[in-house]
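> 488 is the number of the first residue of the sequence shown in the working numbering; add one for each residue after it. Attaching a single structure in structure tokens format; questions to follow.
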Amino acid sequence: MRIAVLTVSLVLFYLLNIILYASYYFTSQLSLGSFAQVLYTMQNSMSGSESTWSEAVGGFFVRQWPWLLLGTLVYAGLLWFYLKNKKASGAETESKTMKQIQTGFLVLLAALVGLDAYYGYRLYDMFGIDQYNESQSKSSDLYENYYADPRTTKIEFPEQKRNLIYIICESMESTFADPESGGGFKKSLIPELTKLAKENTDFSDDPETLNGGLTPGNTGWTIAGIAAQSMGIPLNVGNAEFNRNFEGESQFLPHVMGLGDILKEQGYSNFFMCGSEAEFAGRRNYYEQHGDYTIYDYNTAKKDKIIPQDYRVWWGMEDEKLFNYAKKELPVIAKEDEPFNFTMLTVDTHFTGGYLCPDCPDEFDNQYENVIRCSDHKVTEFVKWIQQQDFYKDTTIVITGDHKSMDGMVNDTFRKVTSGRPSLLSSTVRSIH
């Protein structure tokens, strides 16, 4: 019985370390969006996220190994002390000694139960599980009063249809600008994108500050942000639907019409490009089922010899190679007779810390700040390349973030203090001729 109590205490001690590390990881390393996001990611395709999970698991052992070792040594020492006293003591002495040891073991067990419960509840509260459960029972007038169903809404296209290049920038938000432009950083991390937005169409009442879409519930991670922007609805489905909607070849919100569906009906050819596996989080299903998109991803990049067969960094390939891939494919796509929609998703600015490629500048002390600044430059340079192409005269470029950053460098407290009303970076570049 006493050995069982001691063993349970060790297990609870290990559990306490896991809880404490999870609290650290989700506050210091991530800016957790919502419990719905956690559920979605855990219950659906994880392909491409191995580096993030291996980083989290590896970080646990790197950060907690002294405590794990100490706990194991204490357990071994107490077990040895107990067995030694049990063997060496007489019956009368053993009874008194064993009672003292048992009391000590029970006190230790009670303390660990209390600590696990306390920190476990804090983690539960941090995940927002109560708010998630409450949100599942709330009604909304979104669909009755605000949602415009493309099936019943008259959408008019010009006789000369324009191409669309839709650049979705991972975790890009207005907070990264300087205060004069509506951001929260003393020195802007996105000066080039800010300039691009101000010179073109930015969805803001004030021409001097950036503005864009807000992120209500169930729109705060990549596939949810994509669905919200291109379908006009949050990715708000129950747990059972999570599993049914995104496994294998099952349907992704089959009764909702999205941007790709609309453009396909108008004779557009749709394309999607990303630097990771398109399967992650149901992206392939979404794009193939809502507009019959041709998919370019990490795997096709290997087939097309953009990267070597054994090449893998970050989530697959970095944005430098992604933009080179796009520059190779876009001129070919543009030669076709029909208009096209080319949607691409960057990845270097994903949490945690982002991917700092060799040619990124070292302007700031923080790596993630340098990664954001590097992405700012790369996206802008890609836009400049598009503007030099023959097809640009018939093309509109949309640049937007997919969701607010989840890196621990930027959290909601920082946003409220510095930015007031943080939003996705969102702007449009349209050729004038």
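Note that CB positions come from ideal geometry on N, CA and C, so glycine has one too.
Alpha helix (DSSP H) containing M804: first to last residue?
Unbroken run through M804: none, as it is neither H nor E.
> Distance check for E775 and D689, CA to CA, integer angstroms please.
Distance between the alpha carbons of D689 and E775 is about 30 Å.
> With a threshold of 7 Å on Cβ separation, who are the neighbours of V600 within its own chain once the five nearest residues in sequence on each side are excluded?
Answer for V600: L499, listed in chain order.
> Distance check for I506 and A711, CA to CA, integer angstroms please.
Approximately 27 Å, taken between the alpha carbons.
> From R731 to V743, what distance separates their C-alpha atoms?
Legend: pLDDT at R731 = 46, less than 50; position of this residue unreliable, no value from coordinates given.
> Within 10 angstroms of the Cβ of P703, are there 16 or more other Cβ atoms? Answer buried if so, exposed if not.
By the 10 Å Cβ count, P703 comes out exposed.
> By DSSP, does I505 sit in helix, in strand, or in coil?
Looking at I505 - three-state DSSP - the assignment turns out to be helix.
> At the level of alpha carbons, what is the spacing between L680 and Y562?
If I take the Cα positions, the gap works out to 57 Å.
> L832 to T887, Cα distance in whole Å?
Whole-angstrom Cα-Cα distance: 10 Å.
> Among V916, R860, I884, which residue has its Cα nearest to the Cα of T662?
For T662, the nearest C-alpha among the options comes from R860.
> Which term fits F592, buried or exposed, when burial requires 16 or more other beta carbons within 10 angstroms of its beta carbon?
Its Cβ being crowded by 16 or more others within 10 Å, F592 is buried.
> Measuring alpha carbon to alpha carbon, tell me which of A684, S626, L740, Q876 ends up nearest D863.
Taking only the C-alpha atoms, the option nearest D863 is A684.
> Does I655 come out as helix, strand or coil in the three-state DSSP assignment?
Residue state, collapsed to three classes: strand.
> Between the alpha carbons of K625 and Y606, how many angstroms are there, rounded?
Roughly 29 Å separates the two Cα atoms.
> Where do the N-terminal and C-terminal ends of the beta strand (DSSP E) with M893 fall, by residue?
Premise fails: M893 is in no beta strand (DSSP E) and is neither H nor E.
> Could you tell me the distance, in whole angstroms, from the CA atom of M533 to the CA atom of E646?
Interpretation of M533 is limited by its pLDDT of 48, a score under 50 that renders its predicted location unreliable; the figure taken from the coordinates is listed afterwards. Those two C-alpha atoms are separated by around 42 Å.
> Cβ atoms of G719 and T696: under 8 Å apart, would you say?
For T696 and G719, no; Cβs fall outside 8 Å.
> Applying the criterion that 16 or more other CB atoms from any shown protein chain within 10 Å of the CB defines a buried residue, is N726 buried or exposed?
With a pLDDT of only 43 at N726, under 50, the local geometry of the prediction cannot be trusted, and the value read off the model is given with reservation. Counting Cβ neighbours within 10 Å, N726 comes out exposed, since fewer than 16 surround it.
> Give the DSSP bridge partners of V916, in chain order.
The partner list for V916 (beta bridge, DSSP) reads I884.
> Would you decide whether E579 is buried or exposed? Buried here means 16 or more other CB atoms lie within 10 Å of its CB.
Low confidence applies to E579: its pLDDT is 49, below 50, so where it sits in the model is not reliable enough to give any reading.
> Have a look at E856, A523, L502 and flag the residue whose alpha-carbon is nearest the alpha-carbon of I616.
Comparing Cα positions, the closest option is A523.
> Look at I749 and I655 and say whether their C-beta atoms are less than 8 Å apart.
No, the pair does not count as a contact, with Cβ atoms beyond the cut-off.
> Measuring only the C-alpha atoms, how far is Y443 from D692?
The first residue shown for the chain is 488 and the last is 920, placing residue 443 beyond what the model contains.
> Taking the runs of the beta strand (DSSP E) that are 3 residues or longer, which of them lie wholly in the segment 817-859?
Listed in chain order, they are 827-832.
> Taking the alpha-carbon positions, what's the R638 to G840 distance?
Cα to Cα, the separation comes out at about 42 Å.
> To the nearest whole angstrom, what separates the beta carbons of K880 and F810, a pair I think is in contact under 8 Å?
Going by Cβ atoms, the distance from K880 to F810 rounds to 21 Å, so no, they are not a contact pair.
> Runs of 3 residues minimum, wholly inside the segment 623-680: which ones carry the beta strand (DSSP E) assignment?
Taking only runs of at least 3 residues, the beta strand (DSSP E) segments lying wholly in the segment 623-680 are 650-656.
> Tell me T688's beta-bridge partners as DSSP assigns them.
T688 pairs with T915.
> With C-beta atoms as the reference, is W872 less than 8 Å away from H837?
No; because the gap between Cβ atoms is not below 8 Å, this pair is not in contact.
> Taking 8 Å as the threshold (C-beta atoms), are N705 and N723 in contact?
Yes, they are a contact pair.
> What are the complete beta strand (DSSP E) segments, minimum 3 residues, inside the segment 699-779?
You should have 756-761.
> From Q753 to F878, what distance separates their C-alpha atoms?
So the two alpha carbons sit approximately 19 Å from each other.
> Let's see if you can read the secondary structure: which residues bound the alpha helix (DSSP H) around T787?
T787 -> alpha helix (DSSP H) spans 785-790.
> Pick helix, strand or coil for I782, following the three-state DSSP scheme.
Looking at I782 - three-state DSSP - the assignment turns out to be strand.
> Measure the alpha-carbon distance for Y634 versus D628 and round it to whole angstroms.
In a straight line, the C-alpha of Y634 is about 9 Å away from that of D628.
> Determine, using beta carbons only, whether F829 and Y773 come nearer to each other than 8 Å.
No, the pair does not count as a contact, with Cβ atoms beyond the cut-off.
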